[in-house]
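Data block below; observations after.
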Amino acid sequence: MEILRDIAGVRAFVAAARRRGARIGFVPTMGFLHDGHLSLMRAARRPAEARAPALAPVEAVVIASIFVNPTQFGPNEDFSRYPRDEPGDLEKCRAAGCDAVFLPPVEVMYPSGHRTTVHVDALTGPLCGASRPGHFDGVCTVVLKLFSIVGCDVALFGEKDYQQLAVIRKMATDLDLPVEVRGHPIVREADGLAMSSRNVYLDPTQRVSARSLSAALAATRAAFEAGERGARTLEAVARGVIEAAPGAEIDYIEIRDAVTLAAVTQPIDTDVVLALAVRFGRTRLIDNTVLAV
Ligand code: AMP
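Numbering (this note's numbering) for the sequence shown: 7 to 299.
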């Protein structure tokens, strides 16, 4: 596995893979890797489902990046204390079958004088966009830069960051990026908590309370499957579960259009996403589920 720290190194590695006819799969991360990240890396090796089996197999080269992107953190967020473990991460990437890992220093991604920001409108307004002003501008800017550096054919993103995936798909469409943006299902701990690098911040009591996120999604899904179609009623089901969890402070719980993230008027007659963000002390966790009609 190649360990790359500069842009020229990534471009040379990818050019050599392209000369062999390889397809390039890319998994951007902020490190402190867990099974959610690793399942994205394993999935990056697999061809898209639509691919005709009769076609000759194409070599897949998988590149991951590990970069705690300062521009997507607000001034009072956890950038400086975000967990980092480079040696452990590299071992995990190796075990997951990555061919290369790109670990750029901040000066490589943002040399002094960097003045360009990518902004996707509308989709970035609600949910995490409302709680974290500027967050998605930072995400889009770094992801577009990474796409431009790596020149990947396919990039994988987890559905855990549902709004991020929607925003990046929109950016790729609007800017005609030659990249297939592929989503990957949420990977969870045995008790339902969505895996996240931030879960290490939770103390034992908060860790138990944090089960309420997936429990709230499950309770709401059960009500939906039993025929409830009122968006506000369904949100109230989720709210009830979270409010019963000690130490949980709700940032948002919202049902929105699964594609546009537009507000949903009752009754639900199109696929929606139930998205939530909840704080436990200084730790903010997110989770979501799609309710398909
Ligand atoms: P992060 O390191 O948190 O920026 O995440 C890097 C990528 O991994 C993003 O596309 C995330 O959506 C994805 N990811 C993080 N946690 C999970 C999870 N529990 N299941 C699936 N994907 C995840």
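We put the beta carbon where it would ideally sit given N, CA and C, even for glycine.
Practice item. Determine the closest residue to Arg138 out of Leu291, His40, Asp95, with distance taken between C-alpha atoms. Key: Leu291
Practice item. Kindly indicate which three-state DSSP category Phe230 falls into: helix, strand or coil? Key: helix
Review point. In angstroms, rounded to a whole number, what distance separates the CA positions of Ala228 and Arg245?
Key: 14 Å
Check your understanding: Do you know offhand how far Arg204's Cα is from Asp167's?
Key -> 13 Å
Review point. How is the alpha helix (DSSP H) around Ala243 delimited, first residue to last?
Key: What sits at residue 243 in the sequence shown is Val, not Ala. Segment 237 to 249, the alpha helix (DSSP H) holding Val243.
Practice item. Return the residue from the list Ala136, Ile72, Asp84 that minimises the CA-CA distance to Lys98. Key: Ile72
Check your understanding: So Pro34 is in the beta strand (DSSP E); what residue range does that whole segment cover?
Key -> Taken as a continuous stretch (DSSP letters only), the beta strand (DSSP E) holding Pro34 covers 29 to 35.
Review point. Cβ atoms of Leu199 and Ala216: under 7 Å apart, would you say?
Key: yes
**Study point:** Nonlocal neighbours in the same chain, by C-beta distance under 6 Å from Ser45, ignoring five residues either side
**Key:** Val193
Point to revise | Residues whose Cβ lies closer than 6 Å to any heavy atom of the ligand AMP, in chain order | key: Thr35, Met36, Gly42, His43, Leu46, Phe163, Gly164, Lys166, Asp167, His190, Ile192, Val193, Ala200, Met201, Ser202, Ser203
**Study point:** Complete beta strand (DSSP E) runs within the region 257 to 299 (minimum length 3 residues, chain order)
**Key:** Within the region 257 to 299, the complete beta strand (DSSP E) segments at least 3 residues long are 278 to 286, 289 to 297, listed from N- to C-terminus.
**Study point:** Stretch-stretch touch, CB-based, cutoff 8 Å, three pairs: the region 21 to 41 with the region 72 to 81
**Key:** yes
Exercise for review: Have a look at Arg288 and Gly236 and give me their C-alpha separation to the nearest angstrom.
Suggested key: Rounded to the nearest whole angstrom, the CA to CA distance from Arg288 to Gly236 is 32 Å.
**Study point:** Boundaries of the alpha helix (DSSP H) in which Glu83 is found, first to last residue
**Key:** Segment: none, Glu83 is in no alpha helix (DSSP H) and carries neither H nor E.
Check your understanding: How big is the Cα-Cα spacing for Arg24 and Ile9?
Key -> 18 Å
Exercise for review: Return the CA-CA distance between Gly164 and Ala128, expressed in angstroms with no decimal places.
Suggested key: 21 Å
Practice item. Under 8 Å Cβ to Cβ from Val357, same chain only, skipping five residues before and after it: list those, please. Key: As shown, the chain starts at 7 and ends at 299. That puts residue 357 outside it, with no answer to give.
Exercise for review: Kindly indicate which three-state DSSP category His300 falls into: helix, strand or coil?
Suggested key: Limits of the chain in this structure are 7 at one end and 299 at the other, which puts residue 300 out of reach.
Exercise for review: For Ala322, name the three-state secondary structure that DSSP assigns.
Suggested key: In the structure as shown, the chain starts at 7 and stops at 299, and residue 322 therefore has no counterpart that could be examined.
Practice item. Pick out whichever of Thr211, Ile69, Ile259 has its Cα sitting closest to the Cα of Phe108. Key: Ile69
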